[in-house]
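Everything on this sheet refers to the single structure shown next.
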Amino acid sequence: MILEEIFNDKESVFLDKKEDNILDFIDIENNTDLLIEKSAFLEIETIPIPIFSANEVGKVTLTIEKLKQLTGYDYSKLPLENTSTQIIYDIFHDYPRLDFLPIINESGWIVGYFTRKSFLSLISENNYNRELLFRKDVKIGSFLNRNVVCLNAYSTLSEASDILMERSEDIRFDPFVVTLEKKFFGISTVDRVLRGLNLFLKRDMEAVKEAQFSLINFFIEYEKNIKNHLEFVSFIKLLYGPGGDFVYKYEINNEYSLVVLIDVCGKGLKASSMIFTLVSLLNKQIQQLIKTNSFNYRNFIKELKELNEHLVLTTSSELYATGIFIIIHKKEKVITIFDFGHGLLWVKRKNKVYQLKTNHIEQKMNFLGIEKDISIHPVSYQLKEGDIVFGCSDGITEQINTEKQMYIHKIPEIMLQFKNDLNKNKEILLKDWSYFRQNRRIRDDVSLFIFKI
């Protein structure tokens, strides 16, 4: 039976079925972090189990007590190096769930180990070898591999994975000994370490994602006092936990609304870090404009330039953001578009759909976070009551189907089905988009908005 871990408290035994060769020796003389011990002392008394963090090797270790429950073998009574081969053979025979057997010396220190596969392979090479090994005067210490790896239980999972994955491919998936205060604490595996690391990162990403969506809490409370709300719906689905898309409608006052859609180049935590920086600063800027009652086109352009300059100075040079900012004058029914390399905006008026030009022809295309000095030239449109405006990220427009066609060409067709119910319009488009891509993978964050004049 192989030692593997399931992270739902179900009982299981050891690791991976791939390789069971002997470990390479890892030099620890210069390891100042003391992550790797030269050996582990077997102490009969039970070691109190401390509380480990989710990011420490001890959290993914099968303790001596747990090992006994799972395999039936009492790990507090490990065989000595002067034990005969027959006894080791009998141990593996009597405990079929036992895969990994450390060996100690007379002082109680672990000096090596056998895996079931490596031991059985050793004695079955040929009849002569088998007969020789089972002679009564032959002790396992004479052919025991002594390059056992012992990792401190307080090592982080990332440190452990780095150490373990440096081993050569043929022995990379062997189990290893875990120590606590230099004493034998238990056994773990590469599989358990990687699963634990994955779970830890997943929880971290969920926390980041939750924090990402909490950025707009201030405005949710503030907007309760505004009577004239823009009719608006949105959708966002991040590909891997936190991501690089953001969409929101800010109700500035009874006169203006601001719709924002941002798409950071990249995915995951790196993209999310830029969204954090960008949206946090944008929120602060908008709050200040609201509190000072100074929101207008000129001041907003000034804030956008400061926003871009801050991103250039504080975010990675590898990252940049495309986006679209739309100021809606609710009474005059005028929209003013600030396009930063996005350009994906459509309007449905009665029975026709138009794609709007979002920047001047002579305007240099600007992205957020690349160049410190940018010029901003908004474009305005006079709309009519009942007009429906749709915008989305390239996660929707660039989705391909089995024939390698992009969804952007279907948007005008599906928008012709839009009615007054914006939530239903959103469902119509997403359903059609899902049908269009069929079983093709989603490769990017997905976000969209729809609002009605």
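Numbering (my numbering), first residue to last: 4 to 456.
C-beta: ideal position from N, C-alpha, C; glycine also.
Tell me where the beta strand (DSSP E) around residue i begins and ends.
i	result
residue 234	234-240
residue 337	337-343
residue 451	449-455
residue 391	391-395
residue 385	382-385
What is the rounded straight-line gap between the Cα of residue i and the Cα of residue j?
i	j	result
residue 134	residue 117	19 Å
residue 190	residue 53	16 Å
residue 370	residue 397	15 Å
residue 267	residue 347	15 Å
residue 415	residue 249	23 Å
residue 257	residue 333	8 Å
residue 106	residue 444	49 Å
residue 436	residue 405	13 Å
residue 238	residue 428	12 Å
residue 296	residue 285	16 Å
residue 161	residue 198	11 Å
residue 83	residue 186	16 Å
residue 194	residue 77	23 Å
residue 115	residue 148	6 Å
residue 108	residue 206	42 Å
residue 68	residue 75	10 Å
residue 307	residue 287	12 Å
Can you name the start and end residues of the alpha helix (DSSP H) that residue i belongs to?
i	result
residue 332	It is not in any alpha helix (DSSP H) - residue 332 instead sits in the beta strand (DSSP E) that spans 324-332.
residue 78	Per DSSP, residue 78 belongs to no alpha helix (DSSP H) and is neither H nor E.
residue 415	414-418
Which of helix, strand or coil does DSSP assign to residue i?
i	result
residue 24	Only weak support exists for where residue 24 lies, its pLDDT of 32 falling under 50; the value from the coordinates is given anyway. Reduced to three states, the DSSP call for residue 24 is coil.
residue 8	Since pLDDT at residue 8 reaches only 34, below the 50 mark, its modelled position is unreliable, and the value read off the structure follows with that caveat. Note: residue 8 maps to coil in three-state DSSP.
residue 294	helix
residue 125	helix
residue 172	helix
residue 317	helix
residue 95	helix
residue 252	strand
residue 346	coil
residue 285	helix
residue 152	coil
residue 436	helix
residue 276	helix
residue 142	strand
residue 307	helix
residue 164	helix
residue 261	strand
residue 88	helix
residue 101	coil
How should residue i be labelled, buried or exposed, when 16 other C-beta atoms within 10 angstroms of its C-beta is the threshold for buried?
i	result
residue 90	exposed
residue 402	buried
residue 203	buried
residue 61	buried
residue 145	exposed
residue 376	exposed
residue 303	buried
residue 119	buried
residue 362	buried
With DSSP as the reference, please indicate the residues paired to residue i in a beta bridge.
i	result
residue 352	355
residue 59	159
residue 403	409
residue 107	83, 113
residue 189	66, 181
residue 268	DSSP output for residue 268 lists no bridge partner at all.
residue 40	153
residue 361	Note: residue 361 sits in no beta bridge, so no partner.
residue 371	324
Cβ of residue i within 6 Å of any heavy atom in the ligand SAM?
i	result
residue 281	Summarising the ligand content, the structure contains no ligands, and the ligand SAM is consequently not present.
Are any of the Cβ atoms in chain B nearer than 7 Å to that of residue i?
i	result
residue 112	Judged by its chain identifiers, the structure shown contains no chain B, having just a single protein chain.
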